[in-house]
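Some notes on the structure that comes next.
Residue numbers (full-length UniProt numbering): 1 to 482.
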């Protein structure tokens with residue numbers, strides 16, 4: 001039999017490389033899914049412990065129930081919905097945006113033709129103001145403006161997803177200088193070559209609703225804006241302002257694009273629509289040099305985060321974000337907090353051993369006071385050395401997680417999961433009660449690390465960095481072989 005040629009060997013090597021990468025990705029996906037589910041269960045247990053602690057502290061300190069609400073609303077329920085919506089919410093276009101948890105959000109009720117510059121130009125001419133990106137600074141400014149009834153025309157809008165992508169940008173019109181009441185509309189770029197049902201063309205899809213007040217989400221109990229149920233009136237307001245502000249714009253109405261329906265959005269607010277879809281053509285709108293927004297029609301497309309839809313927890317998808325997600329920052333900060341608390345514990349225990357607070361004569365029964373002090377100093381030295389080595393390794397682990405090493409993320413989650421399991425076993429066997437005075441705070445840190453590092457954004461960031469490192473190694477090998 002003839003020996004294989006160089007081309008055949010190269011093809012075989014490529015096939016084997018792809019097979020190994022596929023297997024590695026599948027195993028990593030299973031591990032990630034297991035940590036995601038375990039983190040959800042750990043959060044449910046943490047919520048139970050916090051509720052127990054809330055009532056145990058007496059009626060005078062029921063403020064601790066606020067902590068219980070924060071755990072349930074911002075940690076537990078979003079995770080539960082992320083898992084459940086995987087099974088009952090379609091993962092294709094049905095004329096509805098989705099929340100981060102996969103819940104059906106606002107109706108997509110406007111389509112547009114034109115470039116990104118033309119959309120920005122038309123919206124500014126129509127009297128709309130572009131909303132700021134969602135972040136800590138803008139969120140705090142929104143809270144302050146709402147409480148003090150001060151105007152904030154650029155108040156951020158919550159994140160919704162369409163085509164697996166976060167909205168590209170959002171415009172709004174504040175009402176009576178009150179950030180709690182506003183017209184707002186989110187815009188998503190349509191995928192290349194994508195057509196609306198029925199074959200209609202569109203470059204952008206948009207979802208417009210009217211915020212009438214501040215309230216709690218029915219599904220997650222989080223603080224959010226409550227919308228007016230007549231979404232058609234908001235749709236018509238968007239169309240009329242665009243046409244009035246842009247004489248070159250034209251509108252085609254697709255009657256009965258979807259069946260008229262009554263439903264609720266991701267916050268539990270009622271929505272009513274007749275199912276008509278206006279398509280606004282902005283291709284004749286002239287763009288000035290100072291047009292708002294963001295550059296070319298493709299600018300920034302590679303930096304838009306991919307939606308953490310429920311299916312994304314269990315299925316691999318293209319990597320879109322080039323920025324380090326907040327989940328990575330949070331996970332590393334929590335690990336640093338654990339390191340600092342461990343250092344404090346090491347100092348306390350070391351001094352307790354070194355000062356003779358633990359009498360080793362009671363343990364051996366045959367030591368002189370001098371020998372007991374010597375043994376205590378030896379034990380203290382060994383304990384401090386081992387503890388510092390563990391802390392150093394944990395610090396290195398946090399550093400590697402920050403730089404996107406997937407195995408380090410798995411190891412960090414494994415350590416936190418092991419700590420939760422050990423605490424749970426001790427609790428079930430009748431060990432000391434978990435309270436603020438014992439280890440409730442430490443358990444909370446471990447659960448939060450699990451939640452942060454097992455999330456979709458952290459997983460995708462680490463996966464992308466792994467791909468980048470493999471590509472860099474392949475390029476170096478290629479350069480070295482020349």
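Virtual Cβ for every residue (Gly too), placed ideally from N, Cα, C.
From a predicted model like this one, the values you see are computed outputs, not experimental measurements.
If you drop the 5 nearest sequence neighbours on each side, which residues of the same chain put their C-beta closer than 8 Å to that of residue 89?
-> Counting from 1 along the chain shown, the entry for residue 89 is found at position 89. Cβ neighbours of residue 89 beyond the five flanking positions: 98, 102, 103, 104, 310.
Supposed contact pair residue 461 and residue 324 - C-beta distance, whole angstroms, cut 8 Å = Looking up residue 324 in the chain shown gives position 324. Looking up residue 461 in the chain shown gives position 461. Indeed they touch by this definition, with Cβ atoms about 6 Å apart.
Residue nearest to residue 39 in terms of C-alpha spacing, selected from 75, 262, 400 = The residue labelled residue 39 in the question sits at position 39 within the chain shown. Answer by Cα proximity: 75.
Determine contact between the stretch 133-153 and the stretch 258-278, defined as no fewer than three beta-carbon pairs at a distance below 8 Å.
-> no
Which residues DSSP lists as bridging residue 278, in chain order = By one-based count along the chain shown, residue 278 stands at place 278. Beta-bridge pairing links residue 278 to 253.
Could I get the ranges of all uninterrupted alpha helix (DSSP H) runs contained in the stretch 438-481, with 4 residues as the minimum, in chain order?
-> 440-454, 456-480
Would you kindly work out how many angstroms separate the C-alpha atoms of residue 284 and residue 249, rounded to a whole number?
-> Numbered from its first residue, the chain shown carries residue 284 at position 284. Numbered from its first residue, the chain shown carries residue 249 at position 249. Their Cα atoms are separated by approximately 7 Å.
Give every residue of the same chain whose Cβ lies closer than 8 Å to the Cβ of residue 206, excluding the five residues on either side of it in the sequence, and list them in chain order.
-> In the chain shown, the residue the question calls residue 206 occupies position 206. So the list reads 108, 109, 110, 111, 112, 185, 186, 187, 188, 238, once near-sequence residues are dropped.
For residue 336, which three-state DSSP category applies?
-> Within the chain shown, numbered from 1, the residue matching residue 336 stands at position 336. DSSP places residue 336 in helix when its eight states are reduced to three.
Just confirm the distance between the C-beta atoms of residue 335 and residue 449, as a whole number of angstroms; I'd bet it's less than 8 Å.
-> Counting from 1 along the chain shown, the entry for residue 335 is found at position 335. Counting from 1 along the chain shown, the entry for residue 449 is found at position 449. Yes, they are in contact, since the Cβ atoms of residue 335 and residue 449 sit about 6 Å apart, within 8 Å.
Determine the DSSP secondary structure at residue 345, reduced to helix, strand or coil.
-> Here residue 345 corresponds to residue number 345 of the chain shown, with the count starting at 1. Three-state result, residue 345: helix.
Would you list, in sequence order, the uninterrupted beta strand (DSSP E) runs of no fewer than 3 residues that lie entirely inside the stretch 131-180?
-> 169-175
Determine the burial state of residue 118: buried for a count of at least 16 other Cβ atoms within 10 Å of its Cβ, exposed for fewer.
-> Start at 1 with the first residue of the chain shown, and residue 118 comes out as number 118. The residue in question, residue 118, is buried, as its Cβ has 16 or more Cβ neighbours within 10 Å.
Considering only residues of the same chain and omitting the five flanking positions on each side of residue 132, which have a CB-CB separation below 6 Å?
-> By one-based count along the chain shown, residue 132 stands at place 132. Excluding residues within five positions, the ones whose Cβ falls inside 6 Å are 138, 154, 156.
Burial state of residue 34, where buried means 16 or more other Cβ atoms lie within 10 Å | In the chain shown, residue 34 corresponds to position 34, counting from 1. With fewer than 16 other Cβ atoms within 10 Å, it is exposed.
Cα separation between residue 193 and residue 92?
-> Against the chain shown, residue 193 aligns to sequence position 193. Against the chain shown, residue 92 aligns to sequence position 92. Approximately 15 Å, taken between the alpha carbons.
Within 10 angstroms of the Cβ of residue 53, are there 16 or more other Cβ atoms? Answer buried if so, exposed if not.
-> Taking the chain shown and counting its residues from 1, the one referred to as residue 53 is at position 53. Buried, because 16 or more other Cβ atoms sit within 10 Å of the Cβ of residue 53.
Just the C-alpha distance for residue 473 and residue 209, rounded to the nearest angstrom, thanks.
-> One-based indexing of the chain shown puts residue 473 at position 473. One-based indexing of the chain shown puts residue 209 at position 209. Their Cα atoms are separated by approximately 49 Å.
Go ahead and label residue 478 buried or exposed: buried means 16 or more other beta carbons lie within 10 angstroms of its beta carbon, across all protein chains shown.
-> Position 478 of the chain shown, counted from the first residue, corresponds to residue 478. By the neighbour-count rule (16 or more Cβ atoms within 10 Å), residue 478 is not buried but exposed.
Can we count residue 435 as close to the ligand ADP, meaning its CB is less than 6 Å from some heavy atom?
-> No copy of the ligand ADP occurs in the structure displayed, which carries no ligand at all.
Go ahead and label residue 256 buried or exposed: buried means 16 or more other beta carbons lie within 10 angstroms of its beta carbon, across all protein chains shown.
-> Residue 256 sits at position 256 when you count from the first residue of the chain shown. When all chains shown are included, residue 256 counts as exposed.
How would you call residue 167, buried or exposed, if buried means at least 16 neighbouring beta carbons within 10 angstroms?
-> On the chain shown, residue 167 is found 167 positions in, with the first residue counted as 1. Buried: at least 16 other Cβ atoms inside 10 Å.
With a threshold of 16 other CB atoms inside 10 Å of the CB of residue 385, please say whether the residue is buried or exposed.
-> Walking along the chain shown from the start, residue 385 turns up at place 385. Result: exposed.
DSSP beta-bridge partners for residue 129?
-> Along the chain shown, read from residue 1 onward, the residue named residue 129 stands at position 129. DSSP output for residue 129 lists 172 as bridge partner(s).
Own chain, CB closer than 7 Å to residue 454, minus 5 neighbours either side, in chain order = Numbered from 1 along the chain shown, position 454 holds the residue referred to as residue 454. So the qualifying residues of the chain are 32, 35, 36, 39, 413.
Cα separation between residue 466 and residue 396?
-> Against the chain shown, residue 466 aligns to sequence position 466. Against the chain shown, residue 396 aligns to sequence position 396. Roughly 18 Å between the two C-alpha positions.
Whose C-alpha, out of 123, 271, 50, is nearest the C-alpha of residue 170?
-> Reading the chain shown from its first residue, position 170 is the one you call residue 170. Checking every option, the nearest Cα to that of residue 170 belongs to 123.
For residue 151 and residue 134, the rounded distance between their alpha carbons | Taking the chain shown and counting its residues from 1, one reaches residue 134 at position 134. Taking the chain shown and counting its residues from 1, one reaches residue 151 at position 151. Taking the straight line from one Cα to the other gives about 17 Å.
List the DSSP bridge partners of residue 210.
-> Within the chain shown, numbered from 1, the residue matching residue 210 stands at position 210. Looking at the DSSP assignment, residue 210 forms a beta bridge with 183.
For residue 440, I'd like the list of residues in its chain whose CB is within less than 7 Å of its CB, leaving aside the five on either flank, ordered along the chain.
-> For the purposes of this step, residue 440 is identified with residue 440 of the chain shown, where counting begins at 1. Result list for residue 440: 49, 53, 434, in chain order.
Pairwise C-alpha distance: residue 442 and residue 339 = Stepping through the chain shown from its first residue, residue 339 is reached at position 339. Stepping through the chain shown from its first residue, residue 442 is reached at position 442. Residue 339 and residue 442: Cα-Cα distance of roughly 11 Å.
With 16 other Cβ atoms within 10 Å as the buried cut-off, status of residue 1 | Along the chain shown, one-based indexing puts residue 1 at 1. Caution is warranted here: a pLDDT of 47 is assigned to residue 1, below 50, making its placement in the model unreliable, and the coordinate value is therefore given only provisionally. So residue 1 ends up on the exposed side.
Could you pull the start and end residues of the beta strand (DSSP E) that residue 506 belongs to?
-> Outside the modelled stretch of the chain, which goes from 1 to 482, sits residue 506, for which no answer is possible.
Can you have a look at residue 332 and say buried or exposed, based on whether 16 or more other CB atoms are within 10 angstroms of its CB?
-> Counting from one through the chain shown, the residue named residue 332 turns up at place 332. Classification of residue 332: buried, given that the 10 Å Cβ count is 16 or more.
CA-CA distance, residue 68 and residue 424?
-> As a working mapping, residue 68 is identified with position 68 in the chain shown. As a working mapping, residue 424 is identified with position 424 in the chain shown. Cα-Cα distance, rounded: 19 Å.
Where residue 160 and residue 342 are concerned, what is the direct C-alpha to C-alpha distance, given to the nearest angstrom?
-> Residue mapping note: residue 160 aligns to position 160 of the chain shown, counting from 1. Residue mapping note: residue 342 aligns to position 342 of the chain shown, counting from 1. Each residue's alpha carbon lies about 39 Å from the other.
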